[in-house]
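The sequence shown lines up with residues 5 to 823 when you count with our numbering. Let me begin by presenting the structure, written as structure tokens, before commenting on it.
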Amino acid sequence: MTNKEALLWAENWFEKKNWASFPFQRDTWEACMHTRSGLLNAPTGSGKTYALFVGAMLYYKASQPEALLTTRLNGIRVLWITPIRALSKDIARACQEFCNDQGIPWRVAIRTGDTSTKDRASQKRNPPEVLITTPESLHLILASKGYADQLRHTKFVIADEWHELMGSKRAVLLELALSRLLPISDPVIWGISATIGNMEQAMEVLFGSTIEDRKPVFVRSAAVKDIEVIPIIPAAIESYPWSGHLGIKLVEQVLPILEKSTSTLLFTNTRAQAEIWYQNLLNAAPDLAGVIAMHHGSISRELRDWVEDALHEGRLKCVVCTSSLDLGVDFRPVETIIQVGSPKGVARFVQRAGRSGHQPGARSRIYFLPTNTLQLVECAALKSAIKANDMEDRMPYFRSFDVLAQYLVTLAVSDGFYPERVFEEVRKTFSFGSITREEWHWVLAFITTGGQSLEAYDEFKKVLIDTDGRYFVESRAIAMRHRLSIGAIVSDGMIAVKYQSGGHIGSVEEWFVAKLNPGDTFWFAGRALELIRIKEMTAQVKISKKKTGAIPSWQGGRMSLSAMLSVHLRQEIDKLARWKVDSVELQAVEPIANMQRKRSIIPEKGQFLIEKLQTREGCHLFCYPFEGRTVHEGMSALIAWRLSLFKPMTINIGLNDYGFELLCDQDIPIEEGLASNIFSTEDLLNDIQSSINKSELARRRFRDIASISGLVFKGFPGKYQKDKHLQSSSGLFFQVFQDYEADNLLLKEAFTEVMEFQVEEFRLRQALLRIQSQEIVLRYIEKPTPFAFPILVDRLREKLTNEKLEDRIRKMTLQLEKD
Numbered sequence: 005m006t007n008k009e010a011l012l013w014a015e016n017w018f019e020k021k022n023w024a025s026f027p028f029q030r031d032t033w034e035a036c037m038h039t040r041s042g043l044l045n046a047p048t049g050s051g052k053t054y055a056l057f058v059g060a061m062l063y064y065k066a067s068q069p070e071a072l073l074t075t076r077l078n079g080i081r082v083l084w085i086t087p088i089r090a091l092s093k094d095i096a097r098a099c100q101e102f103c104n105d106q107g108i109p110w111r112v113a114i115r116t117g118d119t120s121t122k123d124r125a126s127q128k129r130n131p132p133e134v135l136i137t138t139p140e141s142l143h144l145i146l147a148s149k150g151y152a153d154q155l156r157h158t159k160f161v162i163a164d165e166w167h168e169l170m171g172s173k174r175a176v177l178l179e180l181a182l183s184r185l186l187p188i189s190d191p192v193i194w195g196i197s198a199t200i201g202n203m204e205q206a207m208e209v210l211f212g213s214t215i216e217d218r219k220p221v222f223v224r225s226a227a228v229k230d231i232e233v234i235p236i237i238p239a240a241i242e243s244y245p246w247s248g249h250l251g252i253k254l255v256e257q258v259l260p261i262l263e264k265s266t267s268t269l270l271f272t273n274t275r276a277q278a279e280i281w282y283q284n285l286l287n288a289a290p291d292l293a294g295v296i297a298m299h300h301g302s303i304s305r306e307l308r309d310w311v312e313d314a315l316h317e318g319r320l321k322c323v324v325c326t327s328s329l330d331l332g333v334d335f336r337p338v339e340t341i342i343q344v345g346s347p348k349g350v351a352r353f354v355q356r357a358g359r360s361g362h363q364p365g366a367r368s369r370i371y372f373l374p375t376n377t378l379q380l381v382e383c384a385a386l387k388s389a390i391k392a393n394d395m396e397d398r399m400p401y402f403r404s405f406d407v408l409a410q411y412l413v414t415l416a417v418s419d420g421f422y423p424e425r426v427f428e429e430v431r432k433t434f435s436f437g438s439i440t441r442e443e444w445h446w447v448l449a450f451i452t453t454g455g456q457s458l459e460a461y462d463e464f465k466k467v468l469i470d471t472d473g474r475y476f477v478e479s480r481a482i483a484m485r486h487r488l489s490i491g492a493i494v495s496d497g498m499i500a501v502k503y504q505s506g507g508h509i510g511s512v513e514e515w516f517v518a519k520l521n522p523g524d525t526f527w528f529a530g531r532a533l534e535l536i537r538i539k540e541m542t543a544q545v546k547i548s549k550k551k552t553g554a555i556p557s558w559q560g561g562r563m564s565l566s567a568m569l570s571v572h573l574r575q576e577i578d579k580l581a582r583w584k585v586d587s588v589e590l591q592a593v594e595p596i597a598n599m600q601r602k603r604s605i606i607p608e609k610g611q612f613l614i615e616k617l618q619t620r621e622g623c624h625l626f627c628y629p630f631e632g633r634t635v636h637e638g639m640s641a642l643i644a645w646r647l648s649l650f651k652p653m654t655i656n657i658g659l660n661d662y663g664f665e666l667l668c669d670q671d672i673p674i675e676e677g678l679a680s681n682i683f684s685t686e687d688l689l690n691d692i693q694s695s696i697n698k699s700e701l702a703r704r705r706f707r708d709i710a711s712i713s714g715l716v717f718k719g720f721p722g723k724y725q726k727d728k729h730l731q732s733s734s735g736l737f738f739q740v741f742q743d744y745e746a747d748n749l750l751l752k753e754a755f756t757e758v759m760e761f762q763v764e765e766f767r768l769r770q771a772l773l774r775i776q777s778q779e780i781v782l783r784y785i786e787k788p789t790p791f792a793f794p795i796l797v798d799r800l801r802e803k804l805t806n807e808k809l810e811d812r813i814r815k816m817t818l819q820l821e822k823d
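Pasting the structure below:
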């Protein structure tokens, strides 16, 4: 069949569905039929799945039509990589629908962590033609004997939601897997990405040094997603906003939105917020019982499946969720999105907005609900960024030797590998393009002897070397432990939550359950639960009739403003400073802006504001870079250290996304500091290392590296090592390497990751350079300003319970407004 006839075959199917193909889909089909690799950039819900899957089918229809007529000995023809399990069912549904309608007897199967052992064995014996899987499950295939036979017919590899993988070590896993696939089947490789700023680099990471040979194409959809952003304006605007309290007070304004919408996703940034909102919505509107549900990563797979199916079938009016529903699941009935609090990033906001109107040409409607009145300025910034189509870059991981060590053991566990051949494959990846022979031999030594520091211990001699130079694993115990450890997602220790009768509810972090005593009540998955006992790594519970109880919070819930959103936020602050109030959001915050002007100033684009305040607590210094928590953590520590050089003093630090506070019981010599240019980038690296406990930060980072590389074993299913034991074990390795092997690549990796991903040294440097180019305005204030007040509250939050905090803040606010 000619390419033209094959295209007509696809177009006819679209016509039967009453659809019309888009130019970007036809461009992708043409590229696939000519075996061109590439990257597809198109808005959420625009038909990206059909662009790539139909493209793969068109290649076979035009070039190998006989392959579409049988399922015998086909092997895996299309390998679809998805970053989250929730995506897999919907992709499988779409692919299977096309095959069924077109009379193609191909099987579409899913392999993720939820796939049963029986199904995995069946897939190995008789591989499906289309396999939808995750990076981790793909590596599990590579860890099985005879994996090359399963993959030798694989013609298409599609990395879905590539932007989600890009900024994590899971992308490194996929890079390495592709490096192994290329010599086996030379597949056509495609990435799919909806929202990403650094598109060219995304292609470089996906294709590595093979980008020159493969000459991939870049296909972009001309369609612009129509996104309507509607702010929920509080009925009363306070002059002194404080972080976090406002959201729940707006429940009554949310109920009419739910009522008039067929179905709504209410997104929160954390799982704890999701639990709180679920309960408050039910309390405010009991008639929602039965048509409201909750979805987040700690709820059991069975419950999440039920929610996803009920959404798809239109049986739910509202789902309170987290990022677990950010991506790609095709919920056509969803009409409205509500974002609770700032999403902290433009791309995340656009992705969530795309859950509404999730089909070509449909308008996406998203409500922005502030948890702090000042967040309305962020809403204006989001609208500005969306209008300009400014999306964040995703910074790739580079030279992740922990992932490389894991990968080599994976190959050794299956059929073994020859190091020279694999070295040539590995250095074609983006992540390891600069790897040296010396570094390669270090990794080989690490997996065979444990390396210089650990060679005296037999347990680290995992990989053996055959007489012909093949590296392999002989021990079945080592192979089993390794397969259980495959992956680059490292989370805090989790405790399973189960009913006493045996039903599984979900999981919470170990540190939270450790604070509870038998008989205590806590809220989880929308239920009041009483803790009966903790047995091994399971919390046994029963339903409680109590109306109050603790709500689990999960570590890492405090996200930071992205660099792109920070840029647009400063632009909106500049508008307020120049009285250019051109949006409903800025109009709404005018009472706050007026009070800020009265107490201090609102900094214009060319100004950097510092406020100095004396109270009974001591001397407060408030600085406002508007760069996000992560940058402020590094900058506040740096400035505090530089100021302490003028005289010995102890400085406490508080911060939020807008600024940071330095507090000392004696005067802070900021005037001397400014005269000596404390915001300078000169000798920045050394000063950062002096100002933060870099070793302690690296020690914590090393725990994850030790787990990924196989230095520590997290335990068997149901019998996981306790978090404190993992930290203790990895800490011991960290200290040994520091003392006896300073050039250990895993140790170096920990320190590098601290600077690049935790301190964000590059972004901190850029912020300091910007401040140096601005006029620094030092204001001596008599009372906290509206900008300073939320930072004060954030510091108090660490010391007080919610009830005491509310009482304290109410008194502070009344006093400030009275003054």
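Note that beta-carbon positions come from the ideal geometry of N, C-alpha and C, so glycine has one too.
Residue interval of the beta strand (DSSP E) (run including residue i)
i    : result
P235 : 231–235
Q618 : 611–619
S368 : 368–373
Q343 : 340–344
W527 : 525–528
L269 : 268–271
V258 : No beta strand (DSSP E) holds V258; the alpha helix (DSSP H) holding it covers 255–264.
V82  : 82–85
Beta-ladder partner(s) of residue i, from DSSP
i    : result
R537 : Q544
M399 : Partner(s): none; M399 has no beta bridge.
K4   : Because the chain in this structure spans residues 5 to 823, residue 4 falls outside the shown range and cannot be described.
G107 : Paired residue(s): none; G107 is not in a bridge.
C668 : C623
Q113 : It should be pointed out that residue 113 corresponds to Ala in this sequence rather than to Gln. Answer by DSSP bridge pairing, in chain order: L135.
M298 : V324
K502 : H508, Q544
V223 : L44
E779 : Q611
L468 : F476
R485 : Answer is none; R485 lacks a bridge partner.
Boundaries of the alpha helix (DSSP H) in which residue i is found, first to last residue
i    : result
H157 : No alpha helix (DSSP H) holds H157; DSSP gives it neither H nor E.
H636 : 633–648
F717 : Here F717 belongs to no alpha helix (DSSP H), and DSSP marks it neither H nor E.
T756 : 749–757
E429 : 423–430
W33  : 27–37
G677 : 674–679
F57  : 52–67
L569 : 567–581
Nearest neighbour of residue i, chosen from the options [CA to CA]
i    : options                : result
I193 : E615, P187, P220, E204 : P220
I682 : E631, S438, L773, V413 : L773
K391 : L569, K321, L666, M759 : L569
S197 : L286, I80, E256, I85   : I85
Q29  : K52, W17, R646, A500   : K52
A500 : R707, G714, R305, F160 : R305
L617 : D578, I108, D671       : D671
Q456 : F741, P400, G658       : F741
Q504 : V477, D313, E534, Q544 : Q544
CB contact below 8 Å: residue i versus chain B
i    : result
L292 : In the displayed structure, chain B is absent; only one protein chain is listed.
(message) Quick check: the stretch 779–790 against the stretch 416–424, are at least 3 beta-carbon pairs closer than 8 Å?
(response) no
(message) Check whether the stretch 695–710 and the stretch 739–755 touch, using three or more Cβ-Cβ pairs below 8 Å as the test.
(response) yes
(request) Within the stretch 151–214, note down every full beta strand (DSSP E) run reaching 3 residues or more, in order along the chain. (result) 160–163, 192–197
(message) Three Cβ pairs or more, each shorter than 8 Å: is that satisfied between the stretch 152–170 and the stretch 178–188?
(response) yes
(request) Assess, as a yes-or-no matter, whether the stretch 477–496 is touched by the stretch 137–147 under the definition of 3 or more beta carbon pairs within less than 8 Å. (result) yes
(message) Count Cβ pairs between the stretch 447–461 and the stretch 104–123 that sit closer than 8 Å; are there 3 or more?
(response) no
(request) Taking 8 Å as the threshold, find out whether the stretch 212–232 comes into contact with the stretch 63–77 through three or more Cβ pairs. (result) no
(message) Under 8 Å: do the stretch 316–327 and the stretch 269–282 share three or more Cβ pairs, one atom per stretch?
(response) yes
(message) Check whether the stretch 519–539 and the stretch 739–747 are in contact - that is, three or more C-beta pairs closer than 8 Å.
(response) no
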